[in-house]
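J.: My questions all concern the structure below.
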Amino acid sequence: MIKFLDLLAINARFKNEITARFNAVNDSARYLLGDENTNFCKHFAEFCGTNYALGCGNGLDALRLIIQAYGFGKGDEIIVPANTYIATILAITQNGCTPVLVEPDIDTYCIDPNRIEEKITEKTKAILVVHLYGQACDMEKIWELAKKYRLKIIEDSAQAHGAYYQNKRVGNLGDASGFSFYPGKNLGCLGDGGAITCNDEELYFKVKAIANYGSHIKYHNIYKGINSRLDEIQAAVLDIKLQYLDEDNEKRRAIAEKYLHSIHNPAITLPHAREKNAHVWHVFVVRSPKRDELQAYLKEKGIETIIHYPIPPHKQEAYKEYSALSLPVTEKIHREVLSLPISPVLSENEAEFIIETLNNWKA
Ligand SMILES: *Cc1c(COP(=O)(O)O)cnc(C)c1O
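In terms of the numbering used here, the sequence shown is residues 1 to 363.
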């Protein structure tokens, strides 16, 4: 069986380094907010090209914290793509804000920049872009709109660590960005982890306090905060893996290019990368009207695939209030997408077998 993602093999490459750093943390008895956290955040900010990075508990918290720090709440609207992972929407509604769902571009699966302006009202506070599947959104028009209507741009960068738009990295394309280090992400730890990046000092200190019970000084609470921290062990693992991230993304890119050149089956639609460096191929998503049959066929041939995602947020039971919305592009995507195996440890032979198997599929 070719696994969708072989996490054991991915992390085995760093086993000795991880064990050494784990032992050092264990022996230090400093488990939270110590040197590992400080160093990783410094290195991650340098990597993204931002002034600041703050470690936090997970990707959902990163986004929630940004929205809270901006003071957005009840009555405020946040524009967001309709075809995202549920966490993006939860970050908005958990702050009491209203998500305004916008259709994606069918070629890139990122928010369609030409469908944003019609959704802007007096209540709009921010555009929350999602660099979905690993591809940086087309930002030019979004920057223009944010300037024209004085909106914040928040990035959900959970799937796109290291991707570029023009000469800037994801995480540095808006006012603030949320990252996830969930194990399966391009930069993943051995549990939960997340980060916020930004260039604004005031915002940085505010999210930092909110993530720490609302305090800068112990037992002095100036905000109604939460507890969301990146622990020392996870920070150490991330600091090790960050050194290899560009290299790993390059390996994903090589596989993606192989797939793009060699999969020739008229029943399968391949993904589209706007520019080479814009995409870090968190997932390689193909489309077919007979998606379920394709998935069953691949399973029978020993190839594991995943659907990102089977149900769009507005059709989830948790968001019944949006179920009547008509979002045909989003709904088509959720009916047709299928993610093929791709990772820094997928072998050439495996990739070739996947290509051959797809080319032999009779829809
Ligand atoms: C993974 C993910 C998140 C949430 O990250 P967690 O660390 O699991 O909370 C948010 N948005 C997107 C697009 C994601 O893929």
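Note that beta-carbon positions come from the ideal geometry of N, C-alpha and C, so glycine has one too.
(1) Relative to the alpha-carbon of D239, which residue among E17, E247, N221 has its alpha-carbon at the smallest distance?
(2) Going by C-alpha distance, which of V80, E293, I142 is nearest E336?
(3) How big is the Cα-Cα spacing for D27 and G178?
(4) Would you be able to state if there are at least three C-beta pairs under 8 Å between the region 81-90 and the region 261-275?
(5) Suppose the cutoff is 7 Å on Cβ atoms and the five residues either side in sequence are ignored; what does the same chain contact list for Y370 look like?
(6) With the cut-off set at 7 Å, would you say L187 and K241 are in Cβ contact?
(7) What separation, rounded to the nearest whole angstrom, lies between the Cα atoms of I354 and K315?
(8) Taking buried to mean at least 16 other C-beta atoms within 10 Å of its own C-beta, is E122 buried or exposed?
(9) To test your reading of the DSSP string, which unbroken beta strand (DSSP E) runs of 3 or more residues are found completely within the region 171-242?
(10) Would you kindly check if the distance between the Cβ of G193 and the Cβ of Q234 is under 7 Å?
(11) DSSP state of P104, grouped into three classes?
(12) When the distance is taken between beta carbons, is C48 closer than 7 Å to R169?
(13) Does the region 280-287 come into contact with the region 65-72, if we say contact requires no fewer than three beta-carbon pairs (one atom in each stretch) closer than 8 Å?
(14) When the distance is taken between beta carbons, is C41 closer than 7 Å to G55?
(15) Kindly indicate the opening and closing residues of the alpha helix (DSSP H) around V329.
(16) Which of the three DSSP states is assigned to L128 in this structure?
(17) For C97, tell me which candidate among K3, R229, G75 has the shortest Cα-Cα distance.
(18) Let me check you understand the geometry: is the CB of T93 closer than 6 Å to at least one non-hydrogen atom of ligand 1?
(19) What does the alpha-carbon distance come out to for the pair D105 and E275?
(20) In its own chain, which residues sit with a C-beta less than 6 Å from the C-beta of I153, not counting the 5 before and 5 after it?
(21) Contact defined as beta carbons within less than 8 Å: I believe F4 pairs with I306. What is the distance between those atoms, to the nearest angstrom?
(22) Identify every residue that forms a DSSP beta bridge with H279.
(23) Please tell me whether, using a cut-off of 6 Å, the distance from the CB of G34 to the nearest non-hydrogen atom of ligand 1 is below it.
(24) Name the two residues that bound the continuous alpha helix (DSSP H) containing K290.
(25) For E304, which three-state DSSP category applies?
(26) So the beta strand (DSSP E) C56 belongs to, where does it begin and stop?
(27) Would you report the Cα separation of G191 and Y182, rounded to the nearest angstrom?
(28) What does the Cβ neighbour count give for D246, buried or exposed, with the cut at 16 atoms within 10 Å?
T.: In short, the structure shows the following:
(1) Position 239 of the sequence shown holds residue 239. Checked all of E17, E247, N221; the closest Cα to D239 is E17.
(2) Counting from 1 along the sequence shown, the entry for residue 336 is found at position 336. Here the closest residue by C-alpha is E293.
(3) Translated into the one-based positions of the sequence shown, residue 27 becomes position 27. Translated into the one-based positions of the sequence shown, residue 178 becomes position 178. D27 and G178: Cα-Cα distance of roughly 31 Å.
(4) Judged by Cβ distances under 8 Å, the region 261-275 makes no contact with the region 81-90, as fewer than three pairs qualify.
(5) The requested residue 370 is not part of the displayed model; the chain covers only 1 to 363.
(6) Here residue 187 refers to the residue found at position 187 when the sequence shown is read from its first residue. Here residue 241 refers to the residue found at position 241 when the sequence shown is read from its first residue. Yes, the Cβ-Cβ distance between L187 and K241 is below 7 Å.
(7) For the purposes of this step, residue 354 is identified with residue 354 of the sequence shown, where counting begins at 1. For the purposes of this step, residue 315 is identified with residue 315 of the sequence shown, where counting begins at 1. Cα-Cα distance, rounded: 32 Å.
(8) As a working note, residue 122 is residue 122 in the sequence shown. So E122 counts as exposed.
(9) 176-180, 194-198, 215-217
(10) For this step, residue 234 is matched to residue 234 along the sequence shown. For this step, residue 193 is matched to residue 193 along the sequence shown. Taking 7 Å as the Cβ cut-off, Q234 and G193 qualify as a contacting pair.
(11) Within the sequence shown, the letter at position 104 stands for residue 104. Three-state DSSP puts P104 in a strand.
(12) Locating residue 169 in the sequence shown gives position 169, counting from the first residue. Locating residue 48 in the sequence shown gives position 48, counting from the first residue. Going by C-beta atoms, R169 is nearer than 7 Å to C48.
(13) no
(14) For this step, residue 55 is matched to residue 55 along the sequence shown. For this step, residue 41 is matched to residue 41 along the sequence shown. It is a contact, given that the beta carbons lie within the stated cut-off.
(15) Counted from its first residue, the sequence shown places residue 329 at position 329. From DSSP, the alpha helix (DSSP H) with V329 extends over 328-336.
(16) The count along the sequence shown starts at 1 and reaches residue 128 at position 128. Strand at L128.
(17) In the sequence shown, residue 97 corresponds to position 97, counting from 1. Nearest C-alpha to C97: G75.
(18) In the sequence shown, counting from the first residue as 1, residue 93 sits at position 93. Checking every heavy atom of ligand 1 against the Cβ of T93, none is found closer than 6 Å.
(19) By 1-based counting over the sequence shown, the position of residue 105 is 105. By 1-based counting over the sequence shown, the position of residue 275 is 275. Those two C-alpha atoms are separated by around 16 Å.
(20) Locating residue 153 in the sequence shown gives position 153, counting from the first residue. The residues are I127, A146, G174, D175.
(21) Here residue 4 refers to the residue found at position 4 of the sequence shown. Here residue 306 refers to the residue found at position 306 of the sequence shown. The pair is a contact, with the Cβ atoms about 5 Å apart (cut-off 8 Å).
(22) As a working mapping, residue 279 is identified with position 279 in the sequence shown. Per DSSP, Q135.
(23) Your numbering for residue 34 matches position 34 in the sequence shown. Because no heavy atom of ligand 1 lies under 6 Å away, the Cβ of G34 does not count as near it: no.
(24) Counting from one through the sequence shown, the residue named residue 290 turns up at place 290. No alpha helix (DSSP H) contains K290, which DSSP labels as neither H nor E.
(25) Stepping through the sequence shown from its first residue, residue 304 is reached at position 304. Correct three-state label for E304: coil.
(26) Here residue 56 refers to the residue found at position 56 of the sequence shown. Taken as a continuous stretch (DSSP letters only), the beta strand (DSSP E) holding C56 covers 52-56.
(27) The residue labelled residue 191 in the question sits at position 191 within the sequence shown. The residue labelled residue 182 in the question sits at position 182 within the sequence shown. Going by the C-alpha atoms only, they are around 6 Å apart.
(28) Indexing the sequence shown from 1 puts residue 246 at position 246. With fewer than 16 other Cβ atoms within 10 Å, it is exposed.
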